[in-house]
Amino acid sequence: MMNTEKGLLIVISGPSGAGKGTIYNKVLALRPEIRKSISVTTRAPRPNEVEGVHYYFRTIEDYQKMIAEGAFLETASVYSNYYGTPKAHVFEMLAAGNDVMFEIDTYGNKQIRAKYPECVSIFIMTPTFADLEHRLRSRNTETEDSINTRLGNARRELGEYRDFDYIVFNDDADSAALQVAAIIDAEKARMFRNEARVNELLLKK
Ligand code: 5GP
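Okay, so the sequence shown: first residue is -12 according to the numbering used here, each after it adds one.
Shown next as structure tokens:
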């Protein structure tokens, strides 16, 4: 077990269309003290997206330079674009005792768990594959091919459920977000995360 006095590293992951982005934002609203990790991506910004708020948007050349410099905690190619979590800021936030939450794909989760086994990873899934298909279709942004690819990937990702500590079924986004917040609260109360504090109390008269 690594340093237990640092903040908690929370990974929110799951298939495209499962609603993890919505849940991530709702959990941040419920627990505003949790810090957000801003990823770097090579994909083009969407109309409403702001540099440094939603992502750091970089060229492939700059992204590759960051990989070579070892700047990422994890990096993955997701639907033809690169996405990665920059290390430095995350470590600063954790060392200062802040909890940090990531919304990343399942390959990213695997890498983070390998390097940081005390992280808490939560898989978000729709109650059924039919619900997932319905959500992907109602986005109106995906082609038929892209929907089929995403559904195929979702099956593979769900099959790797053992890479996660918790599975939350997103029937209703508000209830799912409450469930994730409850998981975080319980994880923060785990005995091993509180040993330093308990020992401090025991030393006091
Ligand atoms: P979008 O392009 O819709 O913002 O995100 C596409 C996918 O990339 C989502 O599944 C999201 O979770 C994932 N993603 C976003 N940032 C990162 C990251 O830093 N690392 C990894 N591995 N995946 C990410």
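We treat Cβ as the ideally placed atom computed from N, Cα and C, and that holds for glycine.
So what does DSSP say about residue i, is it helix, strand or coil?
i, result
"G139", "helix"
"R22", "strand"
"G1", "coil"
"T72", "strand"
"T(-9)", "With a pLDDT of only 44 at T(-9), under the threshold of 50, the placement of this residue in the model should not be trusted; the figure read from the coordinates follows. Note: T(-9) maps to coil in three-state DSSP."
"E129", "coil"
"R33", "coil"
"Y103", "coil"
"M178", "helix"
DSSP has residue i in a bridge; who is on the other side?
i, result
"Y42", "E38"
"I10", "Partner(s): none; I10 has no beta bridge."
"I111", "V155"
"V27", "Y43, G71"
"F59", "P73"
"L208", "In this structure the chain extends from -12 to 192, so residue 208 is not present and cannot be described."
"L(-4)", "V87"
Hey, would you say the C-beta of residue i is under 6 Å away from at least one heavy atom of the ligand 5GP?
i, result
"G(-6)", "no"
"G95", "yes"
"E90", "yes"
"T128", "no"
"S26", "yes"
"A63", "yes"
"Y70", "yes"
Terminal residues of the continuous alpha helix (DSSP H) containing residue i?
i, result
"E174", "160 to 175"
"I91", "Note, I91: premise wrong, no alpha helix (DSSP H); not H, not E."
"V148", "It is Tyr, not Val, that sits at residue 148 in the sequence shown. First-last for Y148: undefined, no H or E at that position."
"N186", "182 to 190"
"F116", "116 to 125"
So the beta strand (DSSP E) residue i belongs to, where does it begin and stop?
i, result
"Y66", "Unbroken run through Y66: none, as it is neither H nor E."
From the beta carbon of residue i, is the nearest beta carbon of chain D less than 7 Å away?
i, result
"G39", "Structure shown: chain D not included; a single protein chain is present."
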